[in-house]
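What follows is a single structure, written as structure tokens, with notes after it.
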Amino acid sequence: MNPVCILTAGKGTRMGPYAEIINKALLPYGGKAILSHIIDGFPKGTPFVIALGHRGQQVREYLAAAHPADNITFAEVDNYDQPGSGPGYSIWCCREYLQKPFYFVAADTVAEFDAAQMTDCNWAGVSPIPSVDSKRFCNFTVGANGFIDKIYDKEIPPKLDPVPAFVGLMFIKDYQIFWDALAKPETVAGEVQISAGLKALVASGNLRAREVGWKDFGVLDDYRRLAIDTQEYDFSKTDEFIYFRGGRIIKFFADGKIAQKRVEKAKLRPEIFPAPEMVGEQFYYYQKIPGDTVYNQLTPALFGKLIGWLDEAVWQIPVKFDANEFAVGCRDFYETKTFARLKKFQEKYPQFIEPKTINAAKVLPVAELLQKINFDELAIGLPRFMHGDLQFDNVIYDGTKFTLIDWRQEFAGRTDYGDWYYDLAKLLGGIYLNYDYIKRGLMRVEHHGDVMQFDFARRANTFAYQEILREYAAGYGLDWKRVMTLTGLIYLNMSPLHVAPFDTLLYGLSQQLLTEILS
């Protein structure tokens with residue numbers, strides 16, 4: 085089978101904040117990394133040559149988790165961000181593995197084509213784009229016979245609109261002509277490009293243009309537009325990603341310590357969590373859990389059953405703790421972290437006008453509300469083993485068994501216990517605000533000056549679920565007002581971590597809820 089060369093070495097500087105976190109080939113789209121979409125577009129058994137450079141270890145780790153059985157060879161690119169670097173140099177570093185006809189694919193290109201039917205000649209994948217947008221591409225003019233007769237790299241062909249733009253996909257049958265040309269590198273826009281090899285194939289009269297369906301993930305705005313098309317609302321975060329492939333759930337964290345601590349915590353209680361395995365420093369995976377989320381099956385009866393299971397299997401297991409350490413940890417978690425998150429929201433929206441009225445009711449300023457909270461009292465928590473992000477999307481039920489997923493890795497530095505009240509508040513937060521509906525875009529936020537209005541879809545039995553939880557707490561003599569106060573703080577802490585309009589909804593909902601509780 086013809087090998088496929090995929091270039092992942094570049095820094096991806098056009099990807100904004102993601103460039104400093106993850107290799108752009110690993111950005112998720114439709115539940116898989118862009119790189120997986122490329123690999124899965126070729127027949128099973130195809131050999132791949134992956135050029136590694138910027139954050140190359142991440143690429144290795146992801147492929148070990150997502151493609152353990154695929155035939156993959158890695159080629160190290162020793163210069164991917166200095167003078168003399170570029171796609172042309174990166175592919176040159178792969179040449180020893182490509183001494184036969186091969187495919188080339190850029191790491192930000194997902195194309196639709198039949199690989200098995202397109203090996204009869206050299207060809208370059210093209211897609212027509214408006215000339216006004218074409219300057220950042222390698223563009224072609226194409227003769228009546230379908231062969232490319234001239235290349236305009238980062239230039240606009242004259243009197244041509246739309247322009248046949250190179251999509252970053254090609255098949256190179258005459259590989260020796262291609263390599264001989266790349267031996268004399270050509271720099272365009274400050275980078276060594278592959279256009280020298282393309283020009284040599286054009287000069288041989290044997291480079292066909294083939295129009296293909298194409299998704300371009302090379303620029304941040306394009307990536308976000310394409311990603312949002314696969315979901316109703318962008319609920320994602322920029323520092324952690326989830327992938328689904330081959331029966332595995334794969335998680336990435338910009339902070340590798342989070343991944344490591346999550347794996348450590350799961351191993352403390354293997355009977356309630358999946359069995360995650362670390363891959364390198366920033367990824368872990370576990371096998372997909374049979375069943376569905378509790379959100380998708382929720383009834384009052386099932387919720388009652390879940391509460392009973394949580395009580396027996398999670399919260400009532402004795403834990404060893406140091407009272408002073410726990411009190412300091414609770415204080416830091418509830419007070420210090422909250423003020424840090426508030427500052428983060430204010431830095432995110434420096435011109436934000438805080439609402440004085442929400443849904444026609446007056447609310448107090450957040451700063452005043454935080455002054456009303458007795459953080460000394462909140463510091464006296466109830467130490468229990470805990471999930472830490474307990475909401476119905478993070479519980480799988482298969483008809484007989486519950487399994488907890490997406491657990492919080494620690495509470496104030498401890499993986500082995502946290503505050504029971506926090507788990508209850510998280511659970512209440514997912515009852516009052518249905519996160520699965522938010523992910524479907526079922527919300528509305530209007531904010532004009534100091535007036536905010538919002539609405540969001542809620543389940544018909546919301547009050548019943550709240551009462552089940554309240555009655556459970558009352559059975560242990562727990563302070564329901566504290567649970568509600570922590571829920572308000574949870575919404576405030578979440579607000580800077582999400583994108584608009586959910587972030588402002590969370591801020592306003594926190595303000596509204598805390599005003600009702602503390603006034």
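Position in the sequence shown (from 1) plus 84 gives the number in this note's numbering. Beta carbons are placed, not taken as given, at the ideal position from N, Cα and C, and that holds for glycine.
Terminal residues of the alpha helix (DSSP H) in which residue i lies
i: Thr422; result: Lys421 to Lys432
i: Phe547; result: Thr546 to Gly559
i: Thr571; result: Trp564 to Met578
i: Pro171; result: Pro171 to Trp176
i: Ser279; result: Ser279 to Ala287
i: Leu508; result: Trp504 to Tyr516
i: Leu310; result: Leu304 to Ile312
i: Ile522; result: Tyr519 to Lys523
Whole-number beta carbon distance between residue j and residue i, since they are thought to touch under 8 Å
i: Ala195; j: Val296; result: 5 Å
i: Lys432; j: Pro580; result: 5 Å
i: Tyr418; j: Leu462; result: 5 Å
i: Asp539; j: Arg528; result: 5 Å
i: Arg498; j: Gly413; result: 7 Å
i: Gln366; j: Phe405; result: Not confirmed; about 30 Å, so no contact.
Beta-carbon proximity of residue i to residue j, cut-off 7 Å
i: Tyr604; j: Ile391; result: Outside the shown range of the chain, which is 85 to 603, sits residue 604, and nothing can be said about it.
i: Leu597; j: Gly572; result: yes
i: Val226; j: Ile90; result: no
i: Pro467; j: Val403; result: yes
i: Lys349; j: Gln493; result: yes
i: Gly302; j: Asp154; result: no
i: Asn206; j: Lys257; result: yes
i: Ile342; j: Ile480; result: no
i: Ile552; j: Gly388; result: yes
i: Tyr368; j: Ala359; result: no
i: Asp135; j: Ala103; result: What sits at residue 135 in the sequence shown is Ala, not Asp. No.
i: Ile356; j: Ala397; result: yes
i: Val450; j: Gln595; result: yes
i: Tyr113; j: Ala311; result: yes
i: Val378; j: Phe469; result: no
Residue range of the beta strand (DSSP E) that includes residue i
i: Ser320; result: It is not in any beta strand (DSSP E) - Ser320 carries neither H nor E in the DSSP assignment.
i: Tyr327; result: Glu324 to Arg329
i: Tyr236; result: Ile232 to Asp237
i: Lys335; result: Arg332 to Phe337
i: Gln344; result: It is not in any beta strand (DSSP E) - Gln344 instead sits in the alpha helix (DSSP H) that spans Gly340 to Leu352.
i: Phe459; result: No beta strand (DSSP E) contains Phe459, which is instead part of the alpha helix (DSSP H) from Phe459 to Leu462.
i: Trp298; result: Gly297 to Asp300
i: Glu160; result: Asn155 to Glu160
i: Val398; result: Per DSSP, Val398 belongs to no beta strand (DSSP E) and is neither H nor E.
i: Glu145; result: Run containing Glu145: none in the beta strand (DSSP E); it sits in the alpha helix (DSSP H), Gly140 to Ala150.
i: Phe126; result: No beta strand (DSSP E) contains Phe126, which DSSP labels as neither H nor E.
i: Ala267; result: Element bounds for Ala267: n/a, residue is neither H nor E.
i: Ala135; result: Pro131 to Leu136
i: Pro43; result: Look at the range of the chain in this structure, 85 to 603, and you will see that residue 43 is not part of it.
i: Thr225; result: Cys222 to Val226
i: Ser211; result: Trp207 to Ile213
Secondary structure of residue i, DSSP reduced to three states
i: Leu182; result: coil
i: Phe586; result: helix
i: Gln537; result: strand
i: Gly388; result: helix
i: Gly413; result: helix
i: Tyr481; result: strand
i: Met362; result: strand
i: Gly375; result: coil
i: Pro101; result: helix
i: Lys446; result: strand
i: Glu600; result: helix
i: Trp370; result: In the sequence as presented, Trp is not what sits at residue 370; that position holds Tyr. Three-state result, Tyr370: strand.
i: Leu593; result: helix
i: Arg528; result: strand
i: Arg498; result: strand
i: Arg292; result: strand
i: Leu91; result: strand
i: Tyr164; result: coil
i: Glu438; result: coil
i: Arg468; result: strand
i: Glu452; result: helix
i: Trp393; result: helix
i: Ala191; result: coil
i: Phe486; result: strand
i: Val81; result: This structure leaves residue 81 out entirely; the chain is present only between 85 and 603.
i: Lys651; result: Absent from the structure is residue 651, since the part of the chain shown begins at 85 and ends at 603.
Residue i: CB within 6 Å of a non-hydrogen atom of the ligand PLP
i: Ile256; result: Annotation note on the ligand PLP: not contained in the displayed structure, which lists no ligands.
(message) Measuring CB atoms only, is the segment 503-513 touching the segment 560-572, in the sense that at least three cross pairs come out at less than 8 Å?
(response) yes
*asked:* For the structure I just gave you, are there three or more beta carbon pairs, one from the segment 284-296 and one from the segment 246-265, closer than 8 Å?
replied: yes
Counting pairs of beta carbons, one from the segment 168-182 and one from the segment 263-280, are three or more of them closer than 8 Å?
yes
(Q) Assess contact between the segment 228-246 and the segment 319-332, defined as three or more Cβ pairs (one per stretch) separated by less than 8 Å. Is contact present? (A) No: the two stretches stay apart, fewer than three of their Cβ pairs being nearer than 8 Å.
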